Amino acid sequence: MKNHSYFFSFIMPEDTADVAAMQGAIERIPNLTGSLTLDLNGAVVSSTGDLADNASETASTIHNLLRDTRGVLTTGDKTEPFKRLSLVFEKFQYVVTIAHSHIFVVKTSTA
Numbered sequence: 016m017k018n019h020s021y022f023f024s025f026i027m028p029e030d031t032a033d034v035a036a037m038q039g040a041i042e043r044i045p046n047l048t049g050s051l052t053l054d055l056n057g058a059v060v061s062s063t064g065d066l067a068d069n070a071s072e073t074a075s076t077i078h079n080l081l082r083d084t085r086g087v088l089t090t091g092d093k094t095e096p097f098k099r100l101s102l103v104f105e106k107f108q109y110v111v112t113i114a115h116s117h118i119f120v121v122k123t124s125t126a
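Note that our numbering has the sequence shown beginning at 16, numbered continuously upward.
Right, dumping it as structure tokens:
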């Protein structure tokens, strides 16, 4: 099984300032099957492909997962900065990152 999350980190550098540019970069990710852009409150800004049909439900699930993950990343008085969350299944994966006040979700085929 191939893991394509390294494409996401290569194409989407942390210093990219423009959300539209990031969405354009997402479109160039190999094996892309869908994408979702959320604001920090979990509201859908845009959705494409496989993630367009149930965008609100997927957004809610991802947002809740990120809220729960924050507790895992907190140790004592310190919180580790969130970089990326990968959910890998046999035939596809989701990669989630937060940048520039938005949550970006990418679904790619791993087959």
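A virtual CB, placed ideally from N, CA and C, is assigned to each residue, including glycine.
As the structure is a prediction and not an experimental result, all values here were calculated from the model.
Three-way DSSP call (helix, strand, coil) for residue i in this model
i	result
residue 76	helix
residue 67	coil
Proximity of residue i and residue j at Cβ, strictly below 7 Å
i	j	result
residue 69	residue 123	no
residue 36	residue 53	no
residue 111	residue 120	yes
residue 48	residue 65	yes
N- and C-terminal bounds of the alpha helix (DSSP H) containing residue i
i	result
residue 58	First-last for residue 58: undefined, no H or E at that position.
residue 35	34-41
Start-to-end residues for the beta strand (DSSP E) that takes in residue i
i	result
residue 48	47-54
residue 122	117-124
residue 44	Careful: residue 44 lies outside any beta strand (DSSP E) and carries neither H nor E.
residue 104	Element bounds for residue 104: n/a, residue is neither H nor E.
Burial state of residue i, where buried means 16 or more other Cβ atoms lie within 10 Å
i	result
residue 115	exposed
residue 50	buried
residue 24	Here residue 24 scores only 44 on pLDDT, less than 50, and its place in the model should not be relied on; the value that follows carries that caveat. Per the 10 Å Cβ criterion, exposed.
residue 71	exposed
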